[in-house]
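Residue numbering for the sequence shown follows numbering that gives the first Met the number 0, starting at 0 and increasing by one per position. Backbone N, C-alpha and C fix where the C-beta goes; we use that ideal spot for every residue, glycine too. One structure below.
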Amino acid sequence: MKKLFLCAALAALAGTPVLAGVSGHGDGHGAHGEQMAAGKPGNRSEVSRTVKVAMKETDDGEMIFSPAAMEFKQGETIRFMVVNKGELDHEFVLDTQERNAMHKQAMSEQMEMHNTPNAVTLAPGKRGEIIWTFSNGGTFEFACLIPGHYESGMYGQVAVQ
Ligand SMILES: [Cu+2]
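Quick look at the structure:
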């Protein structure tokens, strides 16, 4: 039930209606068309660009994304190919900074992690992908919300113009 609470809370924060039958949570595929401030899940047939994203720890104790920041044009559909090159689990979550902060707080209180169309969690050595349409302009954020990782440097800005 904690999981459901988190999702409902996030939806309420964003001011978006909570869609009936939140089937997208759990399998990461069900929420087609679910509009968020940062955009919406994209269609493979509309991908205009592929962006490779690496996640890893550094020798001096930081945790990073490469690239560290991104820029897109409004309306672009991006295929993010995410790879965990580190030795710890990491995740790539695309959202507003506010929602990421709330999500991070929830995870620090040991709520369950879950798969939504805007996020992928990967064990060391694993690859995953997100297809995302940046339907709205603005400044968003990608982040790893596993406790301690954001503070170690795992976040970056997404500028959509
Ligand atoms: Cu991480």
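CB-CB length for residue i against residue j, believed under 8 angstroms
i	j	result
Asp-88	Glu-140	So it is not a contact: roughly 20 angstroms between Cβ atoms.
Gln-73	Gly-155	Between Gly-155 and Gln-73 the Cβ distance is about 19 angstroms, and since that is not below 8 angstroms, they are no contact.
Arg-173	Val-81	One cannot answer for residue 173 here, as it falls past the ends of the chain, which runs 0 to 160.
Val-52	Phe-64	6 angstroms
Pairwise C-alpha distance: residue j and residue i
i	j	result
Trp-131	Glu-33	11 angstroms
Thr-57	Glu-75	31 angstroms
Val-50	Glu-108	32 angstroms
Gly-152	Glu-128	21 angstroms
Ala-30	Asp-59	With a pLDDT of only 47 at Ala-30, under the threshold of 50, the placement of this residue in the model should not be trusted, and no figure is reported.
Pro-146	Met-54	15 angstroms
Check whether residue i and residue j have beta carbons under 7 angstroms apart
i	j	result
Pro-123	Glu-86	yes
Lys-84	Tyr-149	no
Val-92	Ala-118	yes
Ser-120	Glu-90	Note on residue identity: the sequence assigns Thr, not Ser, to residue 120. Contact: yes.
Gly-38	Ser-134	yes
Distance cut-off 6 angstroms: residue i Cβ against heavy atoms of ligand 1
i	result
Met-106	no
Met-110	no
- Item | Residue ranges of each beta strand (DSSP E) within the segment 68–122, 3 or longer | 68–71, 76–83, 89–94, 118–121
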